[in-house]
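The sequence shown maps to residues 1065 to 1418 in my numbering. First up is the structure itself, then whatever we jot down about it.
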Amino acid sequence: MHVDMDAFYAAIEQLDNPRLKGQPVIVGGLGQRGVVATASYEARRFGVHSAMPMARARVLCRAAHFIRPRISRYREVSRQIFDIFDRFSPLVEGLSMDEAFLDISACLPSRQPRAEALRETGRGLQQAIYANTGLTASVGMAHNKLLAKLGSDYRKPRGRTYVAFEKVHLFLDPLPVGRLWGIGKQTLPRLQQAGILTIGQLRRSPPSLLETLLGQRWQHYLRLANGVDQRVVKPERADKSISRETTFSQDIAEQEPLLEILRLHAAEVAQRAGAKSLSGRTVSIKLRDRHFATISRSRTLPHAINSTDDIFAQARQLFQDWCDSSGFPAVRLIGVGISNLQAGDDHQPVDELL
Ligand code: TTP
Ligand code: MG
């Protein structure tokens, strides 16, 4: 099952301020270069959508209520809905604040035929979310991730779609080819120029043409177009932090090599975080001096990061501040880590939205 909340930020604003119910609401950066984070379905009718410049949204829908994001409130609601997901399955893979895969294969009531049991579970989850939060979600159910994800988007908002095994082509064939994972800005125009507009057209194209258009990965896309996807739901382990440290056999009394090691550690932390689609708001360094006194310094940012450069920039600043304040005694151990972890990438850095 794939679950995705409807107009998440905007729906929370409408929930918290009932005067906004049924009204066009646009959440995003209100400054000069602000960007739309999301719009209520009432505002979408005017053509407003995520990632659009706010200036454009103001032209399209002048009567809308324009609201700055309240990320911490959205995170609070996100925790509530993830608590509900946990009640439905032990296997939950969060993709972002408002979206997750649930492997429910082992959690279906056995007294019913499978399709019925699935539909009932989907409905039950939607009802539990609504009862606990007052918000609506859309769900997609199928035997794999690709179909479940496309299913949740099929009849948004408040949609519920079950793609049965024998209906795969019926469901996939008419969808635009750009809906397949991995077909992005670069590949899409090439396919369109070749007359491949739908998933069904891709599925029926000759392999030689697909190889020319899609390169080495053509068979992968052909499998997706046939609704074949073997990926399993990967629940994230409850990591609290990701860190890497080294203890030296001798004290190091120069800053240059220590910074170099800090950078390597930052790269490893970034790589491990990226592999799990995690990012962190807090960066810490750990140091031990020759007297075995261990010191840690940390800093918490307004948005989560997980790139080498971002982590290293923070770690270096922390290290330099420590050198300035301590007079830089020789170092025995140095490490860097991130914590305050969250699933997925933030769509936009928060400061771009403010
Ligand atoms: P989405 O699930 O993509 O969008 P949505 O929940 O607002 O609307 P729907 O699912 O019904 O189509 O993203 C979830 C939240 O993430 C969204 O409410 C705001 C935020 N977001 C951004 O900040 N920038 C973006 O570009 C996108 C796509 C989302
Ligand atoms: Mg959503």
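All C-beta atoms, glycine included, are put in the ideal place defined by N, C-alpha and C.
Taking C-alpha positions only, Val1232 is separated from Asn1290 by approximately 8 Å. At least 7 Å separates the beta-carbon of Met1069 from that of Ile1168. A Cβ-Cβ distance of about 6 Å is found for the pair His1129 and Leu1084, placing them in contact under the 8 Å criterion. Annotation for Met1065 indicates a beta carbon at 6 Å or more from all heavy atoms of the ligand MG. With a cut-off of 8 Å on Cβ pairs, the segment 1285–1299 is not in contact with the segment 1326–1338, counting fewer than three such pairs.
Relative to the ligand TTP, the nearest heavy atom lies less than 6 Å away from the CB of Met1069.
Using a Cβ-Cβ distance cut-off of 8 Å, the segment 1173–1180 and the segment 1307–1318 are not in contact, since fewer than three pairs of beta carbons, one from each stretch, lie closer than that value.
DSSP lists Thr1364 and Ser1403 as the beta-bridge partner residues of Thr1346. For Glu1157, the enclosing beta strand (DSSP E) covers residues Val1156 to Ser1160. In the DSSP annotation of this structure, Asp1293 is not part of any beta strand (DSSP E), being labelled neither H nor E.
DSSP assignment within the segment 1178–1218 yields the following whole beta strand (DSSP E) runs of 3 residues or more, N-terminal first: 1201–1205. In this structure, Ala1330 lies near Ala1379, with their beta-carbon atoms less than 7 Å apart. Listed in chain order, the beta strand (DSSP E) runs fully inside the segment 1118–1178 are 1129–1131, 1156–1160 and 1163–1166, counting runs of at least 3 residues. Put simply, the backbone Cα of Leu1382 is about 12 Å away from that of Ser1390. Spanning the alpha carbons of Ser1313 and Ile1398 requires a straight line of approximately 12 Å. Using a Cβ distance threshold of 7 Å, Arg1345 and Asn1404 count as a contacting pair.
Going by DSSP, Arg1243 is part of no beta strand (DSSP E) at all; its letter is neither H nor E.
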